[in-house]
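Numbering (the numbering used here), first residue to last: 326 to 661.
Below is one structure, written out as C-alpha cells; comments come after it.
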C-alpha cells in the first residue's frame, strides 16, 4: 500500500496558513507514488485534491479527501532553431524555474517571476503577469488521466487556456493530475515591456535584458505583495474583470482615472485592485483577516482565523465593487 498519512495537517501546505487537516495525504515524488496513492483501498471513494505550493487555494474546513502533495522534481532542456523546450517536474518551484531558465540563457519567463506555486499548478491557472501569460510559453504537459487510468500528453489547444482559466478548472476538473510541464521559449528572444509599471521600473535601462526584467519584476512584486512566510496570503486574490468596449467606455466617462487595458478584441480589462481601493477596502482588517495595506488586490490572514472568514470578506468586497461600478469581480484561488 501507499505511504499515506492520516489526519495530516495542511497548515504548512497552504500559503494562507489555515489550520485544516486532510483525512489522508501522500507525498508524491514520482509517477509511481501517484499511482500507488490513488490505488490504495483506504482512499476508495474519497475526493482527490492536489496541492503544490498551496498558493492558489482557500481551505475553509477539514478535507475528507486524499490530498496529493505534489513534489515531483525534474528539469531538462533542449534547443531548436526557433525555441528552447524546457521540461519541469510538476513539483518544481515556479520562481526557481524562472530564475534557472534566465540564468542558463533561456529567457522568456522573466515577466512571470516571483509568482508563488509550482510548475504543475501554472497551467491550471494559466498564470500571467506584466504582459505575458503561460499559454504564450506553453508546449505541452504530461498528466495522469483518472478516467482512463493512463498517462497522457496534452498540447495547448487541448488545455483550453483562457484568462486565469483552463481545461483543468472546467471540463477536466478532477480528471487530470499534472506530473510534468514542457515550456516553449521562443528564439530569438524579445523583451515584453508593454506594462507601464514595468517600463517605469526599467527607465534607466534603454535595452534591458531578461535578467534586468526579472529583477525589475521581483522588485515590483516585492513592494506590492506580502511575503507569505510572514503573513498569510495567496498573492492577487481577485481576477481583473474584462468588460465590453461599451461598458468600459461608459465607466471611463464617469471615472476617467480608472486603470484599464484595452484587449486585442476591443474589450477592456479593468484593474481589480483599483476598483477595490476606490471602495475603501485597502488596509481594512476584519478580525483575523483583512486587505493588505499596500495592495488592495491582496487578502491576508493575520493568524488564528479560518477560510470561511476570508471568504466572507471577499464576498463583501465583491458586493461593494458591483454596487459602485456594476462589475462583478471573482476570486482567483480555488475555494474548498
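Just so it is clear, CB atoms sit at the ideal spot from N, CA and C, and this is done for glycine as well.
Burial state of residue i, where buried means 16 or more other Cβ atoms lie within 10 Å
i: residue 528; result: exposed
i: residue 640; result: exposed
i: residue 430; result: exposed
i: residue 462; result: buried
i: residue 605; result: exposed
i: residue 447; result: buried
i: residue 358; result: buried
i: residue 620; result: buried
i: residue 450; result: buried
i: residue 412; result: buried
i: residue 582; result: exposed
i: residue 482; result: exposed
i: residue 632; result: buried
i: residue 472; result: exposed
i: residue 554; result: exposed
i: residue 571; result: exposed
i: residue 491; result: buried
i: residue 579; result: exposed
i: residue 683; result: Because the chain spans 326 through 661 in this model, residue 683 falls outside it and cannot be assessed.
i: residue 474; result: exposed
8 Å Cβ shell around residue i - same chain, five flanking residues per side excluded
i: residue 332; result: 346, 347, 348
i: residue 355; result: 397
i: residue 564; result: 488, 489, 597, 654, 655, 656, 657
i: residue 414; result: 397, 398, 399, 400, 444, 445, 504, 505
Beta-carbon contacts of residue i that lie in its chain and below 7 Å, excluding the five residues immediately before and after
i: residue 544; result: 526
i: residue 569; result: 592
i: residue 477; result: 468, 470
i: residue 520; result: 455, 456
i: residue 390; result: 347, 348, 371, 372, 373, 374
i: residue 458; result: 451
i: residue 587; result: 593
i: residue 464; result: 410, 507, 508, 509
i: residue 643; result: 653, 654
Pick from the options that is closest to residue i, judged by C-alpha positions
i: residue 409; options: 513, 556, 378; result: 513
i: residue 683; options: 637, 541, 343, 354; result: Beyond the ends of the chain as shown, which are 326 and 661, falls residue 683; an answer cannot be given.
i: residue 336; options: 630, 658, 441, 645; result: 630
i: residue 407; options: 340, 510, 602, 329; result: 510
i: residue 330; options: 368, 356, 357, 360; result: 368
i: residue 365; options: 350, 566, 424; result: 350
i: residue 662; options: 491, 598, 603, 478; result: In this structure the chain extends from 326 to 661, so residue 662 is not present and cannot be described.
i: residue 361; options: 610, 496, 469, 600; result: 469
i: residue 437; options: 353, 563, 508; result: 508
i: residue 523; options: 541, 535, 334; result: 541
i: residue 418; options: 376, 403, 392, 404; result: 376
i: residue 575; options: 497, 518, 422, 651; result: 651
i: residue 338; options: 395, 624, 499; result: 395
i: residue 353; options: 378, 393, 573, 384; result: 393
i: residue 595; options: 480, 608, 577, 484; result: 577
Heavy atom of the ligand NAD within 7 Å of residue i beta-carbon
i: residue 514; result: This structure does not include the ligand NAD; it has no bound ligands of any sort.
6 Å Cβ shell around residue i - same chain, five flanking residues per side excluded
i: residue 439; result: 420, 543, 546
i: residue 614; result: 626, 630, 634, 635, 638
i: residue 500; result: 471, 472
Host alpha helix (DSSP H) of residue i (start-end)
i: residue 549; result: 535–549
i: residue 599; result: 597–603
i: residue 448; result: 447–450
i: residue 514; result: Neither: residue 514 is in no alpha helix (DSSP H) and is coded neither H nor E.
i: residue 646; result: 632–650
i: residue 421; result: 419–428
i: residue 466; result: No alpha helix (DSSP H) holds residue 466; the beta strand (DSSP E) holding it covers 463–470.
i: residue 521; result: 521–526
i: residue 360; result: 356–364
Endpoints, beta strand (DSSP E) assigned at residue i
i: residue 614; result: 614–616
i: residue 389; result: 388–395
i: residue 478; result: 475–480
i: residue 623; result: 623–626
i: residue 573; result: Residue 573 -> not in any beta strand (DSSP E); alpha helix (DSSP H) instead, spanning 570–579.
i: residue 373; result: 373–376
i: residue 561; result: 557–561
Supposed close pair residue i, residue j - CB separation, criterion 8 Å
i: residue 340; j: residue 557; result: 6 Å
i: residue 382; j: residue 622; result: Actually they do not touch by this definition, with Cβ atoms about 17 Å apart.
i: residue 380; j: residue 433; result: That belief does not hold up - the Cβ atoms of residue 380 and residue 433 are roughly 22 Å apart, past 8 Å.
i: residue 516; j: residue 533; result: 6 Å
i: residue 435; j: residue 538; result: 4 Å
i: residue 646; j: residue 601; result: 6 Å
i: residue 617; j: residue 551; result: 6 Å
i: residue 493; j: residue 460; result: In fact, because the Cβ distance is near 13 Å, the residues do not count as touching under 8 Å.
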